[in-house]
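Chains A, B and C supply the protein sequences, listed in that same order.
Numbering-wise, this note's numbering puts 199 at position 168 of the first sequence, and it's gapless, one number per residue.
Numbering-wise, this note's numbering puts 116 at position 99 of the second sequence, and it's gapless, one number per residue.
Numbering-wise, this note's numbering puts 424 at position 427 of the third sequence, and it's gapless, one number per residue.
Ideal placement from N, C-alpha and C gives every residue a C-beta, glycine not left out.
These figures come from a predicted structure and were not determined experimentally.
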Amino acid sequence: MLRGVDLAVGAGESVALTGESGSGKSTLLHLIAGLDAADSGEIRLADTIVSKLSDAGRAELRRDRLGLVFQQFNLIPSLSVADNLVFQSRIAGRHDAAWHDELVERLGLKSLLKRYPEQLSGGQQQRVAIGRALAAKPLLLLADEPTGNLDEDTADEVLRLARDLVARTGCGFLMVTHSARLAATLDRQVNLHAGVIA
Amino acid sequence: MSARLSRRAFAGGALALGLGGKAFAQGFAGLGETAEGFAAVTPGRTFDFPADHGPHPPFRIEWWYVTANLSDAGGVMYGAQWTLFRQAMRPGPQGEGWASQQVWMGHAAVTSATAHRVGETLARGGIGQAGVEAAPFRAWIDGWEMRGLDGFNAQRVAPLELNAAAADFSYALRLDAGRPLVLQGDRGYSRKSDRGQASYYYSQPFFTASGRLVIDGKPVEVSGHAWMDREWSSQPLAADQTGWDWFSLHLPGNEKLMLYRLRQKDGRENLFGNWITPDGRSAEIAAGGNSITPLATTEIDGRKLPTSWRVTLPARGLAIETTPLNPKSWMGTSFPYWEGPIRFAGSHAGIGYLEMTGY
Amino acid sequence: MRRVLWILAVLLSHWRRHPMQLATLLIGLISATALWSGVQALNQQARTAYDRAAATFGGSRTAMLVGKDSATFPQKLFVDLRRAGWPVSPMLEGRVQIEGRSFRLLGVEPVTLPAEVGNAPGVGRGSLQSFVTPPGEMLVGPETLRDLDLEEGARPQANGITLPPLRVQRELTPGVLVVDIGIAQQILKLPDQVSRLLIGKSKTPHASLESVAGEKLRMIEPDAETDLERLTDSFHLNLTAFGLLSFFVGLFIVNSAIGLAFEQRLPMLRTLRACGVSARMLNTVLVIELVSLALLAGLIGLVCGYFIAAALLPDVAASLRGLYGAQIPGQLSLKPVWWLAGIAISILGALAAAAASLAKAIRMPVLATAQPQAWQQAQRRWLILQTAAALAVFAVAAGLARFGDSLIAGFAVLAALMLGAALILPMVLQIALGLGQRSARKPLSIWFWADSRQQLSGLSLALMALLLALAVNIGVGTMVQSFSRTFLVWLDGRLAADVYLSAASDAQASEIKAWLRDRPEVAAILPGGRADSQLGGAPIEVLGLPDHATYRDNWPLLESAANAWVRLRPGDTCFVSEQLSRRMKLAVGDHIEVPAPGGNWPLEIVGIYADYGNPKGQVAVNYAALTRRFPQTPLNRMGLRVAPDQIAPLVAALQQKFGLDDRSIADQATMKAESKRIFNRTFSVTAALNTFTLGVAGIALLTSLLTLANSRLPQLAPLWAIGLTRRRLAALELLKTMAIALITALFALPLGLLVAWCLLAIVNVKAFGWRLPFHVFPLQLIELLAVAMLAALCAAALPVARLARMQPASLIRIFANER
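Shown next as structure tokens:
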């Protein structure tokens, strides 16, 4: 599906991965996150070769160095907003109270902390998801169509927040999107076509 | 008091039977106080044989006690013990059948330098499982038996056949004696304390023995000397007497010595004994200067037992040291004691038996 | 560790949002653990009592010598054997009546009693002297003292003898009196006689038995199992079977609750994986969560089990006493191992029930979406496999029924039958629903049947639970009813006299007889009596029947030779009970020899009679012959024929004149009522467990439907979208559930009858020694059918009501979200 894709994201750099449906952009993202295994090739994150890690190793990688944001938000329905925000950093053992407070502040979640995901709008849910992904201060934030379920205004707002926070933390940001408009707001755009970088 | 241990061991046996602590106190230490209702032991009794070979049920306690110093053709030494105790649980008219108040206990043992095997059995009186008959003479418990043979002479208690068997040993011996039995103490009245405790006591120390022992399945033909003690009483010990060390010694020239020491709680001790000449005359040893002293101890089951002794009787010119054939001659019966063959040397040399209780 | 706790906290958050689900899971685990451990507690209690009985003075745990052809033998044999080196101890056993009640008297010889034989309880602690020398002591258990309503030290009378003072010995079994053998010989009037010789373990070499005792004695090897254990095996097996059934039904609940929770938590599990929890870590924490829940439920279940056992214990004790004469203390005492075992079974059960879900979690890819179609393919293959397995299990059942010849085989037939039926149930439902679908015309009804079939896989476990619970209920109910009907008819014949009387002593009996002879309303005095003997190594009763029309006309015989009653008169023939005839394979015309005090008593069998509820074999002979052969037979029992209107005044007069209490005199109606009460009590445990099981099956059905209801919404949403009202949808759902439940219940009917037949024709015969006629009770079947439908209705009502009230928005969302 993916052939000879060569892609590098530097620290503090934000990259948009675009392409039509089926171009393999989501697959690429999953490979980077270690959610899928590549047939061949090499994915490096800092000095770690992701593609050579075991399941436990990839889990550790996701836990400690990556932040993931999905189109479906993927919040845990039985946890409150506050708990959803912290559980990844807690599991990673990298909880930072000051950073957490700043995240809550910047994402405007203060009044929503006690609510449950089902009581939130799509934009609110995605803000929580971004907060969760960044709570453990990852090296790289991966987002798979993060605004796909949001209306245009909300999408812009959410993406702005994400960009700001990425800049604040200095991590890399790789976003898969089919929207050229949103892609244009990032530092660099990479177009994937039929499994190769166009 | 030869069969000595007896009361103590027997009281111990009764303890296991459930006579309990109280009965133990009665059976041993407090016997003097509770002899009420039983027949009393008084000086000047006239003995009557064969009748006195049989039981004396009005007395509380009684025993038939045989020890034998044996050796095989190669001179390897052995010992054998056969004992039958009788105790009445209460005084008064004798009950019939199961109502009999008599309880019997048998102990049997064989000893070699390396092995000491013990058997014990118990029986109620009145039903035939155990008992003693004077004529024809027969004493038995379960399969163990001491029986007068053809030509039995009541004055000599001989000839006898003696046998016992337990899980890991058995023996069958024939005992012969060419001399009459011997009255111990003062003409058969054996004083145990200054407060009236005493027993009737006679012995046959002149037995020759021959027969076969089987230890752990291995038979061996043996011969040697044997010694029988007969004793009965109702209150043989005083309350403060804790145990005794008893010797039966075959001296050179067919002289015999019976000697025992009674220990008291306060550490004092009394030495009694009889010197028996080859013609059968028995004289109480004179008081003064006599002593028996432990020389070496052996630890068995956490108890320290003096298994080697120095014995001195200055008036008789006797000064000997004794050593056990097997220092571990421990009778691990319901109430345990030490009993086994010994050797002695010094002014006199020979063999004998040692019994120690209350350790 | 902290990581594990955080993951656990995330997992547990699910239950906070779904408390009902948690409750269901816990209820399942609690009921499984509670019923299982309750039954185990009862069994353990009984076994402890049997052990106590067996350990008392050389029960069956000790090797012994008994008389070859007489109940007792001269004690000289004991002395001879001792003299020959045998480590034996004599014992004399018999029965004595104290104040009209019968006790087992044991005479022991404490001096020779081998230490390994129960250590002579009591004798060891008190004094040998007071035990063996007059007046001696009579050791009794505390229960016996209470029964007798006497104080320690009291000296009751028996056989005209003042007994030794009573002394309590805690370890003694109820109903046993222990005295010195010499005293026992006096009380039982058997001087110089003993019943058996206990053999100690001492290895003293001894002569052969024949060389000492000739042909007079027979050796009985020690038995690891006690007599009571053997006798009561069936009862405990029965209890255990119920316990197991309830346990499995409880696990069905756990399984569906966990299945539901797993489905609902799938997104959560995926998110956790995406956020960096490894598969191994996640599964570990899932297991930790499950074990923690099982631990909690196990503890609660154990407490419930304790109370269930405590509540059932009086009935169990009554049943065991009534059926087997086994004495069980009424106070529940449990060993620590019971608690541990209960917790362990809860955890193992939970893990077993969760195995499928856990396996799915292990294989779960982080990203994949479900493939329902493939799942269905697998389902079909599974269905065929399951059906094949069912047929194989049925074949095994048939083979066991045909060739098996033991109680275990009987229960194995039952188990195989049920397992097979459970396995084949989905196929039966498939076929039934398929037939429905084929006969349907309208699209909606076609959908109705098709969708019902689709629903099957999710429901099948719950339906199996329902099927088993129903079948067992029908089976046990039919057995109990059959037994009840037979028993009542039998009781009518058996209790033919109008008044039953038991005098305090033989002397009083003579006085009473003399007094009765002058009473015109007394048409007949029928003396009765029984003696104990043995046959084929097992104890039997010898019953004396007076030669009187009352017996000839009423006493029910199952089989008999011509002129059986006339032939009974001379005392050389007998009837045997059905149990005895089955156990020893005796038929009319056979000859037996019954050991009696004066030697063996040769008897020809001229009849076989039912003797329900008696664990011992029984031989009935002419009364006069009995008293000749067994001169020690107490003569204090009698039945009276009295004009009906004179019964009450006569009983009152007898009570007044001779100071007889209610235990000593009763009229026929009272006896029958009492017998029926005991009978009913015997089965009350079965009934209680039956109800529990059905209740648990109901809960299983409810939870399964709740599980299903959630996953079914996506299937219903399109129907709603095409215009069906929610109420209509709800009604259809309800109808479907009821249809499936009805098919299951109908299938349970023949299965239940088959179970009943197995119980009556196989299990009862092996367990008790009697075979009962098989009756079908249609009313009972209809009743159970109704109960089953009601249970299904209740179970279906909740999810259906939720559906009916569901907000259209939710349906839209489901519709939209279904990808």
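Can you confirm whether V165/C, when its beta carbon is compared against all beta carbons of chain B, has any partner nearer than 8 angstroms?
For this step, residue 165/C is matched to residue 168 along the third sequence. No, its Cβ sits nowhere closer than 8 angstroms to a Cβ of chain B.
Work out the CA separation of V36/C and R80/C for me, nearest whole Å.
Numbered from 1 along the third sequence, position 83 holds the residue referred to as residue 80/C. Numbered from 1 along the third sequence, position 39 holds the residue referred to as residue 36/C. Their backbone Cα atoms lie some 50 angstroms apart in a straight line.
Residues of chain C with CB closer than 8 angstroms to the CB of A90/A, please, in chain order.
Here residue 90/A corresponds to residue number 59 of the first sequence, with the count starting at 1. R270, G273, V274, S275, A276 and M278, listed in chain order.
G604/C, enclosing alpha helix (DSSP H) - first and last residue
Here residue 604/C refers to the residue found at position 607 of the third sequence. Note, G604/C: premise wrong, no alpha helix (DSSP H); beta strand (DSSP E) at G596 to Y606.
Assuming N40/C and L236/C form a contact by the criterion Cβ under 8 angstroms, report the distance between their Cβ atoms to the nearest whole angstrom.
For the purposes of this step, residue 40/C is identified with residue 43 of the third sequence, where counting begins at 1. For the purposes of this step, residue 236/C is identified with residue 239 of the third sequence, where counting begins at 1. Rounded, the Cβ-Cβ distance is 6 angstroms, consistent with contact.
Just the Cα atoms here: how many angstroms apart are A47/A and V100/A?
As a position in the first sequence, residue 47/A is number 16, starting the count at 1. As a position in the first sequence, residue 100/A is number 69, starting the count at 1. Approximately 14 angstroms, taken between the alpha carbons.
Continuous beta strand (DSSP E) stretch holding I537/C: start and end
The count along the third sequence starts at 1 and reaches residue 537/C at position 540. I537/C -> beta strand (DSSP E) spans A535 to L542.
Per DSSP, A97/B forms a beta bridge with which residues?
Residue numbering aside, residue 97/B sits at position 80 when the second sequence is read from its first letter. Looking at the DSSP assignment, A97/B forms a beta bridge with A85/B and V127/B.
Using the C-alpha atoms, what's the distance from M265/C back to R277/C?
In the third sequence, counting from the first residue as 1, residue 277/C sits at position 280. In the third sequence, counting from the first residue as 1, residue 265/C sits at position 268. One C-alpha to the other measures close to 16 angstroms.
Assign N551/C to one of two classes, buried (16 or more other C-beta atoms within 10 Å of its C-beta) or exposed (fewer than that).
Position 554 of the third sequence, counting from 1, holds the residue named residue 551/C. Counting Cβ neighbours within 10 Å, N551/C comes out exposed, since fewer than 16 surround it.
So, at 7 angstroms on beta carbons, what are the nonlocal neighbours of H61/A in its own chain, with the 5 sequence-adjacent residues on each side left out?
The residue given as residue 61/A occupies position 30 in the first sequence. The answer, listed in chain order, is D67.
Close beta carbons around D257/B, own chain, < 6 angstroms, minus the five adjacent residues each side
Within the second sequence, residue 257/B is the residue found at index 240, counting from 1. So the list reads Q281 and K282, once near-sequence residues are dropped.
Do the region 209 to 218 of chain B and the region 231 to 242 of chain B touch if we need at least three Cβ pairs shorter than 8 angstroms?
no
Tell me the DSSP secondary structure of W83/C in three-state form.
Translated into positions along the third sequence, residue 83/C becomes position 86. In the structure shown, W83/C sits in coil (DSSP, three-state: anything other than H, G, I, E or B).
What residue range is occupied by the uninterrupted alpha helix (DSSP H) comprising A353/C?
In the third sequence, the residue the question calls residue 353/C occupies position 356. Note, A353/C: alpha helix (DSSP H), P333 to R360.
Looking at the structure shown, is M275/B part of a helix, part of a strand, or coil, going by DSSP?
On the second sequence, residue 275/B is found 258 positions in, with the first residue counted as 1. Correct three-state label for M275/B: strand.
Determine the contact status of R137/A and L196/A, defining contact as a CB-CB distance below 8 angstroms.
Start at 1 with the first residue of the first sequence, and residue 137/A comes out as number 106. Start at 1 with the first residue of the first sequence, and residue 196/A comes out as number 165. Yes, the Cβ-Cβ distance between R137/A and L196/A is below 8 angstroms.
Closer than 8 angstroms to chain A by CB, I255/C:
Working through the third sequence from its first residue, we reach residue 255/C at position 258. It does not; no Cβ of chain A falls within 8 angstroms.
Kindly give me the distance between the Cβ atoms of I27/C and I381/C, rounded to whole angstroms, as I take these residues to be in contact under 8 angstroms.
Sequence index remark: in the third sequence, residue 27/C carries index 30 (1-based). Sequence index remark: in the third sequence, residue 381/C carries index 384 (1-based). Wrong, their Cβ atoms sit about 36 angstroms apart, outside the cutoff.
What would DSSP say about G119/C, mapped onto helix, strand or coil?
Here the question's residue 119/C lines up with position 122 in the third sequence. Model confidence at G119/C stands at a pLDDT of 40, short of 50, so the residue's coordinates are unreliable; what they give is reported in the following sentence. Coil, per DSSP.
Members of the region 103 to 130 of chain A near chain C, C-beta cut-off 8 angstroms
N105, L106, I107, P108, S109, L110, D114, F118, Q119, R121, I122, A123 and G124
Would you tell me roughly how many angstroms separate the C-alpha atoms of R163/A and Q119/A, rounded to the nearest one?
On the first sequence, residue 163/A is found 132 positions in, with the first residue counted as 1. On the first sequence, residue 119/A is found 88 positions in, with the first residue counted as 1. Going by the C-alpha atoms only, they are around 7 angstroms apart.
Is there at least one Cβ from chain C nearer than 8 angstroms to R155/B's Cβ?
Stepping through the second sequence from its first residue, residue 155/B is reached at position 138. No, its Cβ sits nowhere closer than 8 angstroms to a Cβ of chain C.
What separation, rounded to the nearest whole angstrom, lies between the Cα atoms of C301/C and H233/C?
By one-based count along the third sequence, residue 301/C stands at place 304. By one-based count along the third sequence, residue 233/C stands at place 236. The straight-line gap from Cα to Cα measures roughly 20 angstroms.
Helix, strand or coil for M278/C per DSSP?
Reading the third sequence from its first residue, position 281 is the one you call residue 278/C. The answer is helix: DSSP assigns M278/C an H, G or I state.
Please report the distance separating the alpha-carbon of R579/C from that of I405/C.
In the third sequence, counting from the first residue as 1, residue 579/C sits at position 582. In the third sequence, counting from the first residue as 1, residue 405/C sits at position 408. Roughly 17 angstroms between the two C-alpha positions.
Interface partners of W3/C on chain A, CB under 7 angstroms
Sequence index remark: in the third sequence, residue 3/C carries index 6 (1-based). Correct list: F118, R121 and I122.
Does the pairing of the region 566 to 579 of chain C with the region 597 to 616 of chain C give three or more beta-carbon distances under 8 angstroms?
yes
Any residues in the region 168 to 197 of chain B with a beta carbon nearer than 9 angstroms to a beta carbon of chain C? Which ones, in chain order?
A182, A183, A184, D185 and S187
From C272/C, M(-2)/C, D664/C and L78/C, residue whose alpha carbon lies closest to that of A87/A
Here residue 87/A is taken as the residue at index 56 of the first sequence, counted from 1. Nearest of C272/C, M(-2)/C, D664/C and L78/C to A87/A, Cα basis: C272/C.
Taking 8 angstroms as the CB-CB limit, is G139/B close to chain C?
As a first step, residue 139/B is located in the second sequence; it is residue number 122 there, counting from the start. Just to set this straight, residue 139/B is Leu in the shown sequence, not Gly. So yes, L139/B belongs to the interface.
Is the Cβ of M264/C closer than 8 angstroms to any Cβ of chain A?
Working through the third sequence from its first residue, we reach residue 264/C at position 267. In the sequence as presented, Met is not what sits at residue 264/C; that position holds Pro. Chain A, which has a Cβ nearer than 8 angstroms to the Cβ of P264/C, makes this yes.
Burial state of I309/B (16 or more Cβ within 10 Å):
In the second sequence, residue 309/B corresponds to position 292, counting from 1. When all chains shown are included, I309/B counts as buried.
Taking C-beta to C-beta, are L125/C and P107/C nearer than 8 angstroms?
Taking the first residue of the third sequence as position 1, residue 125/C is located at position 128. Taking the first residue of the third sequence as position 1, residue 107/C is located at position 110. Yes.
Taking all protein chains shown into account, do 16 or more other C-beta atoms lie within 10 angstroms of the C-beta of M245/B, making it buried, or fewer, making it exposed?
Residue 245/B sits at position 228 when you count from the first residue of the second sequence. Buried, because 16 or more other Cβ atoms sit within 10 Å of the Cβ of M245/B.
CA-to-CA distance, V83/B to Q615/C, given in whole angstroms:
Along the third sequence, one-based indexing puts residue 615/C at 618. Along the second sequence, one-based indexing puts residue 83/B at 66. Going from the Cα of Q615/C to the Cα of V83/B covers about 57 angstroms.
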